[in-house]
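Peer 1: Position 319, counted from 1, in the sequence shown is what this note's numbering calls 332; the numbers after and before it change by one each time, with no gaps.
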Amino acid sequence: MPFFPQRYFSNLFVCVVIENGECHLLAKVIKNGKTKRSYEAAFDNPDPDTLDAKVVEYIKHKESECLDVYVAYFLDAMGQGVVPTAHVGEFERYSVDGKHVRQIKMDEGWSVYASYIEINWAQGLFENLGLDLLYSPFVLLHECVKKEGFPSHTTLYMYNHQDSFAIAIYKGPKVLFGAFFRTVGEKEQNLSDHGLGVSEWEEVEEEKGVENLVQLDEIDDGEDYQSLDDLDDLDTVEAKVRDEEDGEQTFDEGLMQDIDVEKSAKDSEHSMALFGRSMLMYKYIKSSIEEFYQNPNYESDFVEDIIIFDNYETSQTVFDMLEGELMVRIQLQKVKTLELMSTMALKDVGL
């Protein structure tokens with residue numbers, strides 16, 4: 014085993030997911046291969062192209078007590094995917110320009126790729142911290158499939174997030190087809206996600222400094238969860254709950270009714286948003302399976318099962334529609350992307 018002297022010092026591993034206007038991170042202090050401290054935090058991050066200053070400040074504060082910091086980011090941009098070949102010269106067959114993407118060759122003879130545009134954009138996002146590891150949802154998906162055991166028959170797997178999802182059709186350990194979709198609106202379904210047109214691909218240089226597009230597994234629960242953007246004013250809280258002389262707590266009925274109405278409205282809005290997302294998901298899965306069946310470039314075979322690794326929510330409506338129309342069986346398994354990233358980051362860095 015290689016000798017890494019930094020193993021014997023405290024190192025900070027930070028995993029980051031940004032979606033729906035929020036930045037979620039999991040930070041772990043690792044020393045001699047063991048987790049000494051774990052932090053989980055969430056911050057408002059309304060601009061997806063900028064890392065909020067509070068996030069940078071939080072990470073730098075945690076970094077001050079460690080020898081090194083390693084930052085890993087979940088890539089949810091459109092310019093990525095999988096192709097059922099390990100040969101870059103065959104990428105054009107699947108409408109991918111091999112000269113302008115970073116390739117990861119998988120042992121089973123297929124490839125995960127991401128465009129240099131997206132990789133350089135991610136590096137720019139973390140310019141004040143540095144970015145060490147960039148994790149594709151397809152690699153996370155592959156890690157989940159490996160843990161479950163490769164399927165003996167053709168199976169569609171999905172890795173589901175709030176703003177996006179990735180699908181890959183497996184037969185044994187080999188991927189036959191894959192696709193990536195954004196679910197925040199159809200206008201997102203193009204390669205100019207960050208203001209760059211397809212014609213500009215040829216002008217983009219290769220990425221610098223990012224070690225991997227890599228993968229993940231399970232970890233210990235965080236010691237504490239901190240949301241620094243949603244702290245109520247203490248005076249407001251005291252106004253809501255009053256201690257009476259008899260020791261009982263009484264609540265303002267009018268206030269409680271307002272809260273109930275607001276909660277009901279938010280629940281209704283969430284249900285409608287989830288339903289709309291479910292319709293998009295159904296549309297994209299159905300069209301992907303049709304493409305897999307009809308395009309002669311793919312080794313098509315009948316898909317018998319759909320297995321969803323879910324980091325967000327999936328509506329039963331999607332299950333019912335897919336099972337009824339496509340004659341497939343559907344399974345759902347919950348996953349935690351930040352935990353998965355943390356475990357894989359430790360393996361990839363080698364500490």
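Positions of the beta carbon are idealized from the N, C-alpha and C atoms, including for glycine.
1. Under the DSSP definition of a beta bridge, which residues are partnered with Arg50?
2. Within 10 Å of its beta-carbon, does Lys306 have 16 or more other beta-carbons around it, so buried, or fewer, so exposed?
3. Relative to the C-alpha of Glu304, which residue among Ala192, Gly289, Tyr325 and Met357 is closest?
4. In the DSSP assignment, the beta strand (DSSP E) including Gly337 goes from what residue to what residue?
5. Taking DSSP as the reference, what is the three-state secondary structure of Cys28?
6. With distances taken from CA atoms, which of Ala179, Leu39 and Ala55 is nearest Ile320?
7. So is Phe332 buried or exposed if we call it buried at 16+ other beta carbons inside 10 Å?
8. Can you have a look at Met340 and say buried or exposed, based on whether 16 or more other CB atoms are within 10 angstroms of its CB?
9. For the alpha helix (DSSP H) that Ser355 lies in, which residues bound it at each end?
10. Pull up the CB-CB distance for Val68 and Phe56, whole angstroms please, since I reckon it's below 8 Å.
11. For Ala90, does the three-state DSSP call read helix, strand or coil?
12. With 16 as the cutoff for other CB atoms within 10 Å, does Thr63 come out buried or exposed?
13. Could you give the uninterrupted runs of the beta strand (DSSP E) lying entirely in the stretch 291-331, keeping only those of 3 residues or more?
14. Look up Met171 in the DSSP assignment and say whether it is helix, strand or coil.
15. Confirm, please, whether the CB-CB distance from Phe26 to Ala40 is below 8 Å.
16. Looking at the secondary structure, which residues open and close the alpha helix (DSSP H) in which Val197 lies?
17. Using C-beta distances below 6 Å, list every residue in its chain close to Cys28, excluding the 5 sequence neighbours before and after it, in chain order.
18. Once the 5 residues before and after Glu326 are set aside, which same chain residues still bring their CB inside 7 Å of it?
19. Start and end of the beta strand (DSSP E) containing Val109?
20. Going by C-alpha distance, which of Tyr183, His113, Ala99 and Gln175 is nearest Asp314?
21. If you follow the alpha helix (DSSP H) that Phe178 is in, where does it begin and where does it stop?
22. Can Gly111 and Gly102 be called in contact, C-beta distance under 8 Å?
23. Using the Cα positions of Ser301 and Leu138, report the straight-line distance between them to the nearest angstrom.
24. Which residues mark the beginning and the end of the alpha helix (DSSP H) in which Leu138 is found?
25. If contacts are defined as beta-carbon pairs under 8 Å, then Asp323 and Lys349 qualify, I think. What distance do you get, rounded to the angstrom?
26. What residue from Tyr126, Val82 and Thr167 has the CA that sits closest to His100's CA?
27. Out of Lys160, Thr167 and Gln329, which has the shortest C-alpha to C-alpha gap to Ala181?
Peer 2: On the basis of the supplied data:
1. Val42
2. With the sequence shown as reference, residue 306 is identified as Tyr, and Lys is not the correct amino acid for it. Tyr306 is exposed by the Cβ-count criterion.
3. Ala192
4. Run containing Gly337: none in the beta strand (DSSP E); it sits in the alpha helix (DSSP H), Gln329 to Leu339.
5. strand
6. Ala179
7. buried
8. exposed
9. Thr350 to Val362
10. 5 Å
11. coil
12. exposed
13. 318-323
14. strand
15. yes
16. Premise fails: Val197 is in no alpha helix (DSSP H) and is neither H nor E.
17. Leu39, Ala85, Leu351, Met354 and Ser355
18. Leu287
19. It is not in any beta strand (DSSP E) - Val109 carries neither H nor E in the DSSP assignment.
20. Tyr183
21. Here Phe178 belongs to no alpha helix (DSSP H); instead the beta strand (DSSP E) covers Ser177 to Lys184.
22. yes
23. 31 Å
24. Tyr129 to Leu138
25. 10 Å between Cβ atoms; not a contact.
26. Tyr126
27. Thr167
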